[in-house]
Structure formats: C-alpha cells, structure tokens
C-alpha cells in the first residue's frame, strides 16, 4: 500500500467538530492550552525523529516544519482568543487551588510570550544561530576570540529580555525564571555559597581516596547489544514503562515526552565502558519516570506538566546517583551484569563499587563524576551572573574561567576548548540554565533522604526494591505537576526549602565514609 | 540535557515572519498549498512514527495529534482565504502551462474538499471506524454476515460522496477520480476486458509450467541482518538515495514521503524467504524513486506531487518485476546473494530463476505472484462496480466472489476469510482503489517496453546497470509531477494511452517463453 505524496497529502482522517455546549472561560482556556500541547508534542515528535531517524538531506525541510509549528504555537499563545479567555477566566475564579495555579501559570506564560517584540525575537534567533556557528568554530580552534563578539550580543539580548520580562534585583532573576518559577538569584547564590567550601573539600578528599583505584579497573569489551539488554532490564526494574516509552541511540542523549504515554529516552554507547550508557539510561529514565508520573488527565495544562528543570534534574539524579551508584543496587545487579559481561566475574563488590564511584578532577563538566560535578556548575553560575551584571567583560572570560577553575580544582585547563568553550549552552542563548543542574543535585539528596526516613521505603531500597520510593516520588513530587512553585514543592514534599546539608551529607557518606 | 514537558512545551525556535512585498494571487495560493504540505508531511511523519516506533500505550494520543492536523489541513484547504486566492488566480491566468495545471488541480481539490457536508464527513469517519472493527471480527470468524451491515452503509456513503462530487456515467467514476484523475470507469473496464481472457490463459500456463519447480526450492534459513545487508545494497544500486531516505521494519509494508528529501521505505522479514523482503524493498524503492524524482522546487504543489496511484504503482512494479525478476538482474546479484547466503551456492541461475518466477494459484491477493496477481484485481473491480450500481446485493457478495473466483482460478476459496473478507480496503471506505493496482501493472510494462526501445537503455539493463532507465523515468514520468493527467502522461511518455498488450507480451515472454 502506498501512503501520501499524492497532492494534497490527503489526510483521510477527518476532524469531527466538537459538539457545542456552554463552557466556562476557564474551560475554553484549558482547551486552547491542550491545543497548544498538541502542537508542542507534535514538534517534539519531529525533533525526536530528527535526532534519531532523519536522513541527513532532510534537515532543511525539517527545520521548515519545526519553524511552522513554532509559529503556530506562538500565534495561538499570543492570540486575542487566548487573551480574552484568560482575562475572562481571571475574573471568574472559583477558589479551586488547581484552577488558581493553572491561571497563575497561564498568565505568566502569556505575559512572557507577549512582552518580547518581534524584532527582539528575530534578533535572538539570528544571534543564537550565529552564536552556535561561532562557538563551534571557536571550540574547534580553541580560540575564544572567535566566539567573543557573538557572546557579547547574546548577553545583550539576554539583558534586554530580562528587562522586558522584569526582575527584582538582577537580570539573572528573569532568566532563571524560565527554568525555576519563583526562584531568586540571591537564594540560589546563598545555597551555592553554603555548599561551596565543604563541597570543594569533599571533592578533594574523594579524588584523594580514589587514587588507590586503577583508572582502567573496568576497562573491557562490552558488546553494545549486551549493554542494551542490561540497560533495559534495569530501566524496567526501576519502574520505567516500556509500553509507554522506549530507548534509542543518539550522539547527545536526552529524554523527551511526546504525549501522556510516550516518553522517549536516548543514550549513547561506549564499547569499553558499559557504565557510561547504563548511568545515562538511569539518568534519562529518572526524567522519564517523572514524565510518566505526571497526572494524565491534566496533560497539556500546567497542573499536568513538570514544574522546573531543578525538580526534573532531582529525579534524574536520584535514580542515577542515589539509587544507581549505591551498594544495595549493585548487590542485586552485579551478579546479573557479570552473567552478561564475563570480565566482571573476577571483581569483588567492593572493588567494583570503587570503580563505580571513582572520583577524579577533569576539565570537562559532562565527564565529571558525582563528587566533582557541582564545582563546574558553581563557577558557571558565578561567571554568568557577573557577565550579565557587567561586572566581567567578555574579553576577560578565559582568564576569569581559568583562575576560578584553579581555585576549585587546583590546576588550570590546558586551553579554552577544555575551559570556557566546552559547553554549547551560552551560544544558544541558554543563560540562567546551568544553575538548575546543581539545584537538581541538592533537591535529589533532600528528596531521597526524606523519602527514606520512612523505614519501609529505606529497607525496600536496601533490597534494591524501588517500587516504594517511586511511589513516594509520584505522590510527593510528580502528582503536583506545576501547581506549586519548585520551592513550595520542596517544602510540601520535605518540610523545607532546598537545603544543601542533605547533599553534603550524602557526598560525605559516599566519598569520605 | 532535558527537552520539553515543561509547560508550554517551550518551542525555542521562533518563526521569523516573512518580509512583505507584493505577490500575485497565484503566489499566495502556492504559499497556502506549501503550508498545507507542511501540515500534511508533519502528519505523515507522525504516521510513520506510529507504524515503526510508537509505544503501544501512546496510540490514543497520537490519534488526537493526527486528528488535529487533519482538521487544520481541512480548515486551511476550505478557508475563505484559499477560496479568494483561488478565484483571484483563476481570473489572472498567464498562459504558463505549469500554472494552469496547478490551478486545475487546486480547483479540483477545493471543490472536492468543500462539496461534502460535515454531516457526511462525520458519518463516513464513524462508519469506516465501525467498518474496520466489523471486518476484523468477520474475518477472524470467517463470517461475512458480521461485516455485511457495515458494508451496506459504506457503499451508501460512497454513492452519496460520488453524487456530491459528480460523475458522468456511474458512481465508480467519481471514486476512481480520487486516485486516477481524468480516468473513466468505462475506459478501465475496457482495458481489463482486453486483458482478461489472455491474462487468465497465461496465468494458467504459468501455473502449469511451474509445477516442475519444487515449492521449497529456496526454503532455507536467511538471517534477517543478512537480508538487510543485501536489500540495502540492491536498493542503493537501483539509485535509491539513502542520504534522503531509509528502510525500516513494519508489519504492513509501505512507502511514505515526509518532505522533499525524506522518503521512507518499510518492509517485513521472513526468516526462511529472503525474496519476500527483497522484492518488498524493490517494490517500495520503486515508489521511493518516484518520490525522490519529483521536482524539489515544486514541493507542496501539484506540479511537485505524484500524479496517481496507477502511475505510482507503475514505478513500484517496474523495479520489483521488470527489473527484479529478470535474468540480467540475477546474473549480477545471484553471486552476491550466494556470498551472503551459502545455500544459494548450489543453485544454477536457471533453477534459481525458476524459483523466483514460480507461479501458483492462491486465494490471497497479497501472496499472489506476478502471473496470477491481476486476476484478483479484475474480480474486485467487477464486484465493486456492480455493488455500487446496485446490480449486486451485499448479501450475495460471498457467492458472487466465489463463483467469479472459480471462473478465473478454477477452484473455490475454502471460506470467506480466504475469499471476500481477505482485504481491508472496503472496510475503510476505500472503494475505487483496487483497480489502480492493475493499472499500475499495465503501465509498468508499457513504460519499461518504451524505455528499452532505446538500445543504450536496453543494453544497460542487460548488464544490470539501471542508471539509464531511472534517468528515463525521471525525465518522462517523475519530472511531470501532476501537471498532466495520468493518461496524458502515458501518452507523453510512451506515445499512447495505457494499452494492455505490453503487459500481456511481458507475461508471455516471462512465463510461457
């Protein structure tokens, strides 16, 4: 049978017009939001396809399809119809807390979407496209000056956006608000300050203690098909539902959510390091379990959507680090892994865990281990903030980077490619993003600690049975959607706002003992 | 990094509004058509994903996404904006033949899209959904009476549609017009009549001659990964461009076109029959080569779209049968196949070709060989036509089927599941579709014969070099898009309208010798 390409790409499935009856303004607004979600998830499906399936010559047309959908989404979200429904719903509150939360978010996103003039949006798109190209070349040649002019423009655009969106104290507040609703830069800075000194000391001790573990302890041949087998068994055992999701292979791993029961994880494989793909899968499965735990009936509404990157990352880190790098997990899974990979049969559990949790300083954030990872984030947060506040000149970024790096790691990167040019984020205009990685780590430790105060959950975790802790996360984190701000959610789930002590205790137990 | 599921599925890639300058009504219309193509290809991408990737629990939401896109496409194609641009362009013809052809097709599709009242469209959707369910159960129980009420309704809807669309002599004309612009039922019937007697005789002789070939001649173990290797090499050697396409595995093979450089073939694999997937791939690659040969600059317009199913099928059949089942092809490829599959090493080319072209009567159309395939189509065409014209009662379908089958094949199907219930088409309201399969076979033979009148092309084909014949098809068939009606295209390419003698000669040469 042959499908389509006959003009006009005959769409045989006709839309049945909805029956008309009286609906409230709030219901109309929800309908528009669900319509926007249909467009958004469609775009996500095309993007997933682009990363995993798309023939290379098809990229330009795919960009047209995505731009079209982005335009339609923006058109809808800034339409008079949307505005009228929003204003009318706001005048007709019924006291229901979910409705109030949704209206609060609808208003926030409507204001954000309508506050930026087209000229700025166009300039931002153009600059980020130029920025990515310049960054890519600069990194290749390890020459910051190639990227500097684009970074200057990107910072200016970020400041303009922040000014239009509005902020209390500094531009970073407004940018952070894209990822962490209700968060303030000052609070994040205070958190990071409380973490910094002890965190750096613990990292140093972890690196010191790891020197006894050979770097090539686990180096061996791990056939990719066998890695896939193990990864899938483990993802399933954590509770990831393969009837409503899948795992595919990509160059740059991610998790995406194409609808209420369609969560797609991706990973990449190293032939000589099965832990790389496995922890990648556990990380993305953590994101995926959050998505699979969102209330399906609320799909497309704030109340059915993940609340922030810092909460999202708490879930990925929880499964990757608190579950996946802990002794009980490997008590169960090392024997299975050794069935699949014979070289593991000669290792004791202690030796193996030494390899799993081996800490080492490295220049590259994405290769950093649990003990040293957050040091990379702290310095990015501080540099970004100073750049936005004009306390640091773009031209001085390489020197500022290297000296900040040296103060945390005790040595300087060999060149800019291993220093200030390593990450793509700034080049895409992704300012305000990095801090959410560490917020996620802090949240993960706190949520794990709180959940395992329940002895039944703790003892299940000791036996590598994770159904109870998943259920706790579903009830205390996932079910809330975006009805609470992230810090309200932390308070509701754990009794307090994000507190770095939980994470420091965890790092101490794991790496110093 | 984490993508989306944060409300509102933030689409970071903003649409750059087009610069405004004066455009003609025709250009506006083309812009709308290209917009509709963006929606249509997006839906095709989601459908491809549904067939090849979608987690099972995600099916209901995917249906919502597709219905939404179908609705948006229909809304656009029947909009006042479209109508105004169409009328204005029609009043401003400039004599350019491509523009005239596009306007002719725009008008045709606009009229078709606007002539059906919503009530009928809704009823058709509902009935075809009910029809598929009833057919599925009826086939399972081999009990036609379960499907009969739905078929009665589906026929009534088809007659209503035909009446609204308008036709010259009988409802089949209007339905056929969905797939073969400008074709008349009478002309198709005349073609089939000219084919029928000799075609049936040739089939009988082919079946007789094949009795000397053991049914299990090629039965062996063909590992699927090895089949994929061979299929890909062969598809590439035909000219299929893998930078602009791919092959995936599905239950029900198809080819789809997701954009100007994105053509996706699918196939299925039988462990003990490598020819099944190979000829499947050659068939779908034939569709794909047509799509890859359409003029890219005209994408989204009739002038850049395939013209009909009968022309599409001519391309798939040409590569599958005229190329793929011929001696020169296997002179080249049998040695390579035998490298991959050791059991083939003991077979002579003659014996192998005997297996490739072994003919046998079977009840099931989709399993039929080249020699007997069209007999299945002739009887479906005749029954469908009589049903639509009320010359045959629905209740009498099983008996009519079996006796018509007996007259062509010499025996009766054992039950309705192997008879009138075997195909899904009617249950989906796909009336007028079947005849295009045989039109395609007739066209394929005629186009192949005409192209190989050129001695350079013929001798290249003798050496299994298919670049020249592909180029001929690109120039004489693909490049025209839908600027000509299918029969005009046949005339332009071969000097005459579809003539069954070419196909009969081919069958005679191949099966009777």
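Residue numbers (the numbering used here), protein chains in the order written: chain X, 413 to 925; chain U, 413 to 925.
Even for Gly, the Cβ is constructed at its ideal location relative to N, Cα and C.
request  = Assess, as a yes-or-no matter, whether the region 732 to 744 of chain X is touched by the region 857 to 875 of chain X under the definition of 3 or more beta carbon pairs within less than 8 Å.
outcome  = yes
inquiry  = Quick check on the DSSP output: the beta strand (DSSP E) that includes residue 763 of chain U runs from which residue to which?
reply    = Premise fails: residue 763 of chain U lies in the alpha helix (DSSP H), 761 to 768, not in any beta strand (DSSP E).
query = Any heavy atom of the ligand NAP within a distance shorter than 8 Å of the CB on residue 673 of chain X?
reply = With respect to small molecules bound, the structure shown includes none, and the ligand NAP cannot be examined in it.
key: Closer than 8 Å at the beta carbon, the chain U residues around residue 474 of chain X   = 671, 674
ask   = In chain order, what residues of the same chain have a beta carbon less than 6 Å from the beta carbon of residue 551 of chain X, not counting five sequence neighbours either side?
value = 829, 833
request  = Would you check if the distance between the CB atom of residue 772 of chain U and the CB atom of residue 763 of chain U is smaller than 9 Å?
outcome  = no
query = Three or more C-beta pairs closer than 8 Å, one from the region 782 to 791 of chain X and one from the region 628 to 636 of chain X: is that the case here?
reply = no
query = Which residues in the same chain as residue 907 of chain X place their Cβ atom closer than 6 Å to its Cβ, once the five residues preceding and following it in sequence are excluded?
reply = none
ask   = In angstroms, rounded to a whole number, what distance separates the CA positions of residue 692 of chain X and residue 644 of chain X?
value = 12 Å
query = Going by other Cβ atoms of all chains shown within 10 Å of its Cβ, with 16 needed for buried, is residue 511 of chain U buried or exposed?
reply = buried
ask   = Does any residue of chain U bring its CB to less than 9 Å from the CB of residue 655 of chain X?
value = yes
request  = Measure the C-alpha to C-alpha separation of residue 574 of chain U and residue 802 of chain U and round it to an integer number of angstroms.
outcome  = 14 Å
query = Is it right to say residue 600 of chain X is buried, meaning 16 or more other beta carbons lie within 10 angstroms of its own, or is it exposed?
reply = buried
task = Assuming residue 464 of chain U contacts residue 678 of chain U (C-beta within less than 8 Å), just tell me the rounded distance between them.
result = 7 Å
task = Buried or exposed for residue 853 of chain U, please, with buried defined as at least 16 other CB atoms from any protein chain shown within 10 angstroms of its CB.
result = buried
For residue 676 of chain X and residue 461 of chain U, the rounded distance between their alpha carbons = 12 Å
message = Distance cutoff 9 Å, beta carbons only. Does residue 658 of chain X sit that close to anything in chain U?
response = yes
request  = To the nearest angstrom, report how far apart residue 605 of chain X and residue 791 of chain X are at their CA atoms.
outcome  = 11 Å
request  = Verify the CB distance criterion: does residue 454 of chain X have a CB-CB separation below 9 Å to chain U?
outcome  = yes
ask   = Ends of the alpha helix (DSSP H) at residue 703 of chain X?
value = 686 to 705
key: Contact set between residue 457 of chain U and chain X, taken where Cβ atoms lie within less than 8 Å   = 457, 458, 461, 477
inquiry  = For a cutoff of 9 Å on Cβ pairs, would you count residue 465 of chain X as touching chain U?
reply    = yes
request  = Return no unless some Cβ of chain X is closer than 9 Å to the Cβ of residue 447 of chain U.
outcome  = yes
query = From the beta carbon of residue 468 of chain X, is the nearest beta carbon of chain U less than 9 Å away?
reply = yes
task = Jot down the residue ranges of each uninterrupted alpha helix (DSSP H) in the region 426 to 513 of chain U, minimum 4 residues, whole runs only, in chain order.
result = 437 to 464, 471 to 489, 492 to 502
key: Three-state class that DSSP yields for residue 882 of chain U in the structure shown   = helix
ask   = Residues of chain U with CB under 8 Å from residue 450 of chain X, in chain order?
value = 476, 477, 480
inquiry  = Pop quiz: residue 458 of chain X and residue 454 of chain U are said to be a contact at Cβ under 8 Å. What is the actual Cβ separation, rounded to whole angstroms?
reply    = 7 Å
key: contact_flag[the region 604 to 624 of chain X, the region 655 to 665 of chain X] where n(CB pairs < 8 Å) is 3 or more   = no
key: Interface flag, residue 711 of chain U vs chain X, CB-CB below 9 Å   = yes
query = So what does residue 669 of chain U bridge to, in DSSP terms?
reply = U:675
ask   = Sorted by chain position, which residues of the same chain lie with C-beta nearer than 6 Å to residue 756 of chain X's C-beta, five sequence neighbours on each side aside?
value = 749, 750
Through-space distance from residue 881 of chain X to residue 927 of chain X, alpha-carbon basis = The requested residue 927 of chain X is not part of the displayed model; chain X covers only 413 to 925.
key: Residues of its chain near residue 533 of chain X, where Cβ-Cβ distance is below 6 Å and the 5 sequence neighbours each way are ignored   = none
Three-pair Cβ contact test at 8 Å for the region 564 to 574 of chain X versus the region 838 to 851 of chain X = yes
Top-ranked residue by Cα proximity to residue 797 of chain U, from U:555, U:586, U:494, U:767 = U:586
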